[in-house]
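Chains as they are written, first to last, in the working numbering: chain H, 951 to 1066; chain Z, 97 to 207. Beta carbons: idealized from backbone N, C-alpha and C, even for Gly. One structure below.
This is the structure we're talking about:
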């Protein structure tokens, strides 16, 4: 089946540890995104990538890092520098890049990260 | 002022009712608009894109008013299964890649 997968669904981490969240898509989408969602807040963009081997910071990139070595994969590392990492993390992808057009984004099922 | 503003609700309506949500956006240069639906503890899913001419998909109708910078979503004949949070989403001007999400309006449809 085509789609976006994220693993794990639930993740618990001790304070001070780095952790990597997986995001894979087999939709042949060009662009991929990472968001976090906190209760009562809208989705906030962490990082995005429009093409392999390139990525840009979003609105709240501090304490996070990403890589885009393959078109299908866009892992997110939550580092110990992230002050408040407990949140629902959502990965999304978009089919194509067309100048001046914001095309629809499709989301994976999310990873719920809890820092103990 | 938030870039995208929505009434958080909840809107409690009986089955069969018609309910409307509005969303306002601050940047007049925004070009693309969407409504997403998000169930509790799940990912957002695209409900519909919003076009200048308005568009309808079954019981759902979306309208865009560029002059007043608001978007609306009308749900007719509400079903229990419509209970969810509805997210208003607007493109970020200046880039084709970024979207700005509202905090969502919660709808609860009851018997």
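CA-CA distance, residue 99(Z) and residue 128(Z)?
Taking the straight line joining both Cα atoms gives about 14 Å.
Residue 198(Z) to residue 143(Z) span [Cα, whole Å]:
Cα to Cα, the separation comes out at about 15 Å.
Leaving out the 5 sequence neighbours to the left and right, which residues in its chain are closer than 6 Å to residue 1015(H) when beta-carbon positions are compared?
Residues 1027 of the same chain have their beta carbon placed closer than 6 Å to that of residue 1015(H), with the five preceding and five following residues left out of the count.
Distance check for residue 166(Z) and residue 130(Z), CA to CA, integer angstroms please.
If you take the alpha carbons of residue 130(Z) and residue 166(Z), they lie about 12 Å apart.
Using a Cβ-Cβ cut-off of less than 7 Å, list which residues of the segment 105-134 of chain Z approach chain H; keep chain order.
Within the segment 105-134 of chain Z, the residues whose Cβ lies closer than 7 Å to some Cβ of chain H are 127, 128, 130, listed in chain order.
Locate the beta strand (DSSP E) running through residue 181(Z), then write down its first and last residues.
Counting along the chain, the beta strand (DSSP E) containing residue 181(Z) begins and ends at 180-187.
Cutting at 7 Å between CB atoms, please list the residues of its own chain near residue 110(Z), excluding the five before and the five after it.
Excluding positions up to five away in sequence, the list reads 206.
Sequence ranges, beta strand (DSSP E) only - wholly within the segment 982-1060 of chain H, length at least 3:
If we require 3 residues or more, the beta strand (DSSP E) runs fully inside the segment 982-1060 of chain H come out as 994-1001, 1004-1007, 1014-1016, 1026-1028, 1037-1044.
Do the segment 976-988 of chain H and the segment 1021-1040 of chain H touch if we need at least three Cβ pairs shorter than 8 Å?
With contact defined as three or more Cβ pairs closer than 8 Å, the segment 976-988 of chain H and the segment 1021-1040 of chain H are in contact.
For residue 972(H), collect the residues of the same chain with a Cβ closer than 6 Å to its Cβ; drop the 5 residues on either side in sequence, then sort them by chain order.
Spatial neighbours of residue 972(H) in its own chain (CB-CB distance under 6 Å, excluding positions within 5 residues in sequence) are listed in chain order as 957, 1025.
With a threshold of 7 Å on Cβ separation, who are the neighbours of residue 1009(H) within its own chain once the five nearest residues in sequence on each side are excluded?
Around residue 1009(H): 994, 995.
Flag residue 1025(H) as yes if its beta-carbon sits less than 8 Å from any beta-carbon of chain Z, otherwise no.
Not one chain Z Cβ lies under 8 Å of residue 1025(H).
Run through the segment 118-200 of chain Z for me and flag every whole beta strand (DSSP E) of 3 or more residues, listed as ranges in chain order.
Qualifying beta strand (DSSP E) stretches, in chain order: 129-134, 140-146, 151-153, 156-161, 166-171, 180-187, 195-197.
Any chain Z beta carbon closer than 8 Å to residue 1040(H):
So, interface residue.
By the criterion of Cβ-Cβ separation under 8 Å, what are the contact partners of residue 992(H) in chain Z?
Within 8 Å Cβ-Cβ: 100, 183, 196, 197, 198, 199, 200.
Could you tell me which residues DSSP pairs with residue 104(Z) in its beta bridges?
Beta-bridge pairing links residue 104(Z) to no other residue.
Opposing strand residues paired with residue 974(H) [DSSP bridges]
In the DSSP output, where bridge partners are listed per residue, residue 974(H) has 955(H), 1023(H).
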